[in-house]
Amino acid sequence: MVVTHGSLQPTSGRCALTIGNFDGVHRGHRALIERVTGKARELGLVSCALTFEPHPREFFAPEAAPPRLTRLRDKLELLAAIGVARVHVARFHKAFASLSAKRFIEEVLVRGLGVRKLIVGRDFRFGAKRAGDFALLGEAAARHGFALEAMPDVLFEGERVSSSAVRAALQAGELRRAERLLGHPFTISGKVAHGEKLGRQLGFPTANVRLAHAAPLAGIFAVEVEGVGRGVASLGRRPTVNPLERPLLEVHVFDCDAELYGRHIKVRFLEKLRDEQKYDGLEALKEAIARDARQAREYFAKHG
-19 MVVTHGSLQP TSGRCALTIG NFDGVHRGHR ALIERVTGKA RELGLVSCAL TFEPHPREFF
41 APEAAPPRLT RLRDKLELLA AIGVARVHVA RFHKAFASLS AKRFIEEVLV RGLGVRKLIV
101 GRDFRFGAKR AGDFALLGEA AARHGFALEA MPDVLFEGER VSSSAVRAAL QAGELRRAER
161 LLGHPFTISG KVAHGEKLGR QLGFPTANVR LAHAAPLAGI FAVEVEGVGR GVASLGRRPT
221 VNPLERPLLE VHVFDCDAEL YGRHIKVRFL EKLRDEQKYD GLEALKEAIA RDARQAREYF
281 AKHG
């Protein structure tokens, strides 16, 4: 998969395109991308997805923006796995946000990406003040010679699949429901950083991943670290010891002697064990961690 960033220059290429934030790359996104790649093969075009960094809601109202389900790096990996040939990451800044709907179509879609087939949902909005809609795209398609197709909502077990629905499931601790909507376990990835070695002092050494953005869930979880092993993890602000401003992911991998510092790890969240709690001292915290570890081991013994 080819990934491009920033400003677009006029192109002679021709693509089948879809547009979105693709946060979480859930079942609905997969169906959309598969539709685009199928049409690209049928029409002899390059399959392409246009996404934005940061998320437009993070740009306009960062304090009210929803927690991200995926970092850009993880989003691109998931999109590549579906099979799209190209992803263009548009930098969402003041100048880009001020593009009129007409200029967005002409400068980005037509001249910059060479769109010949466009597939989006009927509720897709774009351009300054979200003035552009599906009807405007239909008019532009006739004028610029590209085909427009509406992608219907994707339902799973009677529920409309959306990033908001995934966030709601995660915030409620319903990890299996979130996994069903995503089509894969919810995962957080990042580089293991040195911490205060508190876990090691308590008998439960941890791999610590600092998160740049707010997390869509918090608590204590049974987890699996890809290529490393199973364990128990805390995700939150550590209310008992030196409360943090930003969330921290602390993972204790069972029976693991591997050196993880500096490694990029992927942590799959499989079961929520409990909410984060504040304890009266380190001894009470140590006892709670031991209970959590036993409960996580019991989960894995039961579920294989």
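Numbering of the sequence shown is given in the numbering used here, commencing with residue -19 and proceeding in unit increments. Virtual Cβ for every residue (Gly too), placed ideally from N, Cα, C.
Cut-off 7 Å between Cβ atoms - residues of its own chain near residue i, not counting five sequence neighbours on either side
i, result
"Ala142", "It is Ser, not Ala, that sits at residue 142 in the sequence shown. Closer than 7 Å at Cβ, skipping near neighbours: Gly8."
"Glu230", "Gly179, Thr186, Asn188, Ala213, Ser214"
"Val(-18)", "Ala65, Arg66"
"Ser78", "Ala108"
"Leu128", "Leu98, Leu117, Gly118, Ala121"
"Phe76", "Ala70"
For residue j and residue i, the rounded distance between their alpha carbons
i, j, result
"Gly97", "Glu267", "Residue 97 is actually Lys in this sequence, not Gly. Approximately 59 Å between the Cα atoms of the pair."
"His124", "Val90", "7 Å"
"Arg217", "Leu52", "23 Å"
"Glu263", "Ile269", "10 Å"
"Glu154", "Arg48", "17 Å"
"Pro(-10)", "Ile85", "13 Å"
"Ser169", "Arg156", "19 Å"
"Pro36", "Ile200", "31 Å"
"Ser27", "Ala122", "21 Å"
"His73", "Gly112", "18 Å"
"Phe40", "Asp54", "23 Å"
"Asn1", "His244", "24 Å"
"Glu38", "Ala194", "11 Å"
"Gly163", "Ala152", "18 Å"
"Arg271", "Leu265", "10 Å"
"Leu253", "Ile(-1)", "37 Å"
Rounded distance between the beta-carbons of residue j and residue i, thought under 8 Å
i, j, result
"Leu161", "His6", "6 Å"
"Leu93", "Leu30", "7 Å"
"His232", "Phe280", "About 13 Å; that fails the 8 Å criterion."
"Phe126", "Phe114", "Not really, about 14 Å apart at Cβ, beyond 8 Å."
"Ser214", "Glu256", "7 Å"
"Leu59", "Ile13", "7 Å"
"Ala238", "Val208", "6 Å"
"Phe32", "Ala70", "5 Å"
"Leu(-12)", "Val88", "6 Å"
"Gly4", "Thr50", "6 Å"
Residue i (DSSP reduced to helix, strand or coil)
i, result
"Thr(-2)", "strand"
"Ser142", "coil"
"Glu82", "The amino acid occupying residue 82 in the given sequence is Lys; Glu does not appear at that position. Here Lys82 sits in helix by DSSP."
"Arg71", "strand"
"Glu159", "helix"
"Arg254", "strand"
"Thr17", "helix"
"His124", "helix"
"His(-15)", "strand"
"Arg271", "helix"
"Gly118", "helix"
"Arg66", "strand"
"Arg37", "helix"
"Glu22", "helix"
"Gln134", "Looking at the sequence provided, one finds Val at residue 134 rather than Gln. In this structure, Val134 counts as coil in the three-state DSSP scheme."
"Leu56", "helix"
"Arg10", "helix"
"His174", "coil"
"Glu129", "strand"
"Gly211", "strand"
Residue i burial status per 10 Å Cβ neighbour count (16 or more: buried)
i, result
"Pro42", "exposed"
"Gly138", "exposed"
"Pro227", "buried"
"Phe234", "exposed"
"Arg248", "buried"
"Glu225", "exposed"
"Asp260", "exposed"
"Glu22", "exposed"
"Glu278", "exposed"
"Pro196", "buried"
"Gly242", "exposed"
"His283", "exposed"
"Ala198", "buried"
"Ala81", "buried"
"Ala273", "buried"
Same chain, Cβ closer than 6 Å to residue i, neighbours up to 5 away in sequence not counted
i, result
"Ala158", "Val146, Ala149, Leu150, Phe166"
"Ala11", "Val134"
"Ala120", "Ile85"
"Glu206", "Lys246"
"Ala(-4)", "Val16, Lys19, Ala20, Leu25, Ser27, Lys97"
"Ala192", "none"
"Arg102", "Phe114, Ala130"
"Leu175", "It should be pointed out that residue 175 corresponds to Gly in this sequence rather than to Leu. Counting only Cβ-Cβ distances below 6 Å, and skipping sequence neighbours, we find Asn188."
"His68", "Thr(-16), Leu30"
Short CB-CB distance (under 8 Å) between residue i and chain D
i, result
"Val189", "Although the question refers to chain D, the structure presented lacks it and comprises just one protein chain."
Same chain only: Cβ atoms within 8 Å of residue i, ignoring 5 sequence neighbours per side
i, result
"Arg306", "Lying outside -19 to 284, the shown extent of the chain, residue 306 is not represented and no answer is given."
"Ala285", "It is not possible to answer for residue 285, since the shown part of the chain is limited to -19 through 284."
Residue i CB to nearest heavy atom of the ligand HEM below 7 Å
i, result
"Glu87", "The ligand content of the structure shown is nil, which means the ligand HEM is not present either."
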